[in-house]
Amino acid sequence: MDTSFAPEDLAFRDEVRAFFAEAYDAELQGRLASKDPKVFKQAVIDWQKRLHEKGWVAPNWPVEYGGTGWDATKQFIFESERAAAGVRDVVPFGLKMVGPVIYHFGNQQQKERFLPAILASDEWWCQGYSEPGSGSDLASLKTKAVRDGDDYVVTGAKIWTTYAQHADWIFCLVRTSSEGKKQEGISFLLIDMKSPGIKVNPIVSIDNHHSLNEVEFNDVRVPVANLIGEQDKGWTYAKALLAHERTTIAGVADSKRHLAMIRDYAASEVNGGKALLADPLFQTRMSDIEIELMALEFTELRVLASVAVGGAPGAESSMLKIKGTEVQQALQALEMEVAAYFQGVLPNELTPEQLGHGFGSKARQSFMYGRAATIYGGSNEVQKNIIAKAVLGL
Ligand SMILES: Cc1cc2nc3c(=O)[nH]c(=O)nc-3n(C[C@H](O)[C@H](O)[C@H](O)COP(=O)(O)OP(=O)(O)OC[C@H]3O[C@@H](n4cnc5c(N)ncnc54)[C@H](O)[C@@H]3O)c2cc1C
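Every position in the sequence shown, counted from 1, becomes a number in our numbering once 1 is added.
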């Protein structure tokens with residue numbers, strides 16, 4: 002595979018780099034780091050609006066719906082530069098998940114109603130797939146939607162709903178039939194979070210943060226106009242979305258930045274001039290992860306290239322998800338080791354800058370939350386089953 006960039010791609014890379022350097026400014030970064038949920042939410046919206054004004058908020062959307070029309074190379078460059086500059090990715094639920102479902106499977110009215118607000122970040126979305134009894138076996142979901150005139154009446158509960166506390170809308174898988182195969186009685190509904198009968202219960206995760214929730218639906222009335230595609234056919238739309246979700250979870254560009262940061266920290270001289278990076282055992286571990294990451298990057302490029310010419314990510318997205326999240330966790334463990342070296346080894350000899358390096362507590366937090374990466378988007382064990390079925394025909 003030829004991975005050298007053409008002159009116009011290099012010019013594009015410079016343009017992207019300059020935009021991030023200017024638009025992702027210190028004031029915005031300060032607000033994004035805020036512990037106040039309202040300040041954080043507004044900062045995320047402001048950032049996405051800046052991307053939207055530039056026309057770059059939806060690199061993966063077709064031009065006719067407001068996407069960039071970039072080829073695979075430009076998408077790759079944009080993503081690499083975003084991560085290298087430490088710029089946060091957009092919240093995926095609107096732009097990367099339900100948006101594509103609406104433009105692929107929604108009707109004209111739904112496209113006009115929802116797509117512009119997603120692009121402009123005027124409406125925040127969350128994903129209502131998992132339920133207290135249905136995660137890996139998602140098709141067993143029980144949240145019921147019963148037709149009553151021009152509405153569905155929805156009853157049940159969703160769980161692990163990321164950012165439901167911020168969301169204006171939730172896209173939900175609901176059961177509209179109990180006949181036949183369980184996959185055949187599922188529908189895809191768009192539900193206004195302000196509807197009477199919705200209750201959001203917070204769940205604090207192991208990293209002591211609140212991003213997860215349980216969402217209860219108690220006789221919530223949802224207009225039939227908010228049904229995507231056909232009733233009982235939601236499983237098909239849900240699966241298309243999941244393949245894209247898994248591809249993005251791989252997070253190759255962010256892992257590359259993470260590795261570079263760890264290398265910088267480990268190269269700092271402490272403890273009598275000896276840096277952790279000089280330790281052959283540490284070097285070996287870091288190189289092992291780097292090799293895995295390079296191989297993953299080439300796999301991701303192959304998938305991107307095939308999607309750019311009209312292909313859909315299939316079992317490859319499961320492969321990317323497994324390997325990508327394993328690499329993320331390996332990096333988080335390595336970072337904990339670096340943090341321990343700075344914070345645990347002869348602390349009296351360290352300067353305040355060295356002691357902590359500003360990443361000690363961040364390393365702990367990302368290590369803790371990072372446990373979830375091999376679970377969300379479909380657990381890695383289940384991804385292995387998908388690969389076995391699709392590739393080996395088992
Ligand atoms: C941080 C986080 C954020 C999330 N955000 C969202 C969200 O926004 N919206 C949403 O809808 N969901 C979300 N989820 C839910 C996530 O998709 C589910 O947790 C995941 O699909 C696993 O389901 P489960 O938790 O019910 O585990 P279970 O299905 O109960 O699985 C338990 C264990 O059994 C294993 N297992 C299960 N079935 C098999 C099998 N057939 N073969 C081999 N092993 C198996 C699993 O790998 C796992 O280790 C989130 C989860 C986390 C942790």
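Each residue gets a CB set at the ideal place from its N, CA and C atoms; glycine is no exception. Source: prediction; values computed, not measured.
In this structure, the C-beta of residue 163 approaches ligand 1 to less than 6 Å from one of its heavy atoms. For residue 287, the number of other beta carbons within 10 angstroms of its own is at least 16, and it is reported as buried. The beta carbon of residue 32 sits closer than 8 Å to those of 40, 41, 43, 44, 47, all from its chain and outside the five residues before and after it, given in chain order. Residue 192 carries a strand assignment under DSSP once its states are collapsed to helix, strand and coil.
Apart from sequence neighbours up to five positions away, the residues of its chain that approach residue 79 with a beta-carbon distance below 6 Å are 17, 60, ordered along the chain. Contiguous beta strand (DSSP E) elements confined to the region 146-186 occur at 152-160, 170-176, taking only those with 3 or more residues. The region 221-239 makes no contact with the region 257-264; the number of CB pairs closer than 8 Å stays below 3. When only Cα atoms are considered, residue 38 and residue 161 end up about 18 Å apart.
A direct Cα-to-Cα measurement between residue 182 and residue 140 gives close to 9 Å.
Secondary structure note for residue 217: its beta strand (DSSP E) is the uninterrupted segment 211-224.
A distance below 7 Å separates the beta carbons of residue 201 and residue 216. Per DSSP, reduced to three states, the secondary structure at residue 202 is strand. For the set 95, 19, 113, 102, the Cα lying nearest the Cα of residue 168 is the one of 95. Under the three-state reduction of DSSP, residue 275 is assigned to strand.
Note on geometry: alpha-carbon atoms of residue 194 and residue 126 lie some 9 Å from one another. Taking 7 Å as the cut-off, the beta carbon of residue 64 is found closer than this to the beta carbon of residue 70. When C-beta atoms of the region 360-374 are compared with those of the region 315-335, three or more pairs fall below 8 Å, so the two segments count as touching.
Distance from the CA of residue 315 to the CA of residue 150, rounded to the nearest whole angstrom, comes to 38 Å. Between residue 158 and residue 133, the C-beta gap is smaller than 7 Å, which places the two residues in contact. A Cβ-Cβ distance of about 5 Å is found for the pair residue 383 and residue 137, placing them in contact under the 8 Å criterion.
Secondary structure within the region 74-139: the alpha helix (DSSP H) runs of 4 or more consecutive residues, fully enclosed, are 100-106, 109-120 (chain order).
Exposure of residue 392 is indicated by the presence of fewer than 16 other C-beta atoms within 10 angstroms of its C-beta.
DSSP places residue 250 within a helical segment (H, G or I) once states are collapsed to three. Between ligand 1 and residue 325, a heavy atom-to-CB distance of less than 6 Å is absent. Per DSSP, the unbroken alpha helix (DSSP H) holding residue 38 starts and ends at 38-55. In the structure shown, residue 228 adopts extended strand secondary structure according to DSSP, grouped into three states. When DSSP reads this structure, residue 234 sits in a beta bridge with 187. Not one heavy atom of ligand 1 is found less than 6 Å from the C-beta of residue 316. In this structure residue 170 touches residue 191 by the C-beta definition: roughly 6 Å separates them, less than 8 Å. The Cβ-Cβ distance between residue 246 and residue 378 falls below 7 Å. For the pair residue 276 and residue 338, the Cα-to-Cα distance works out to about 13 Å. For the pair residue 175 and residue 196, the CB atoms are not nearer than the 7 Å cut-off. When the five nearest sequence neighbours on each side are left out, the beta carbons in the same chain lying within less than 6 Å of the beta carbon of residue 66 are those of 104, 116, in order along the chain. For residue 385, the enclosing alpha helix (DSSP H) starts and ends at 381-392.
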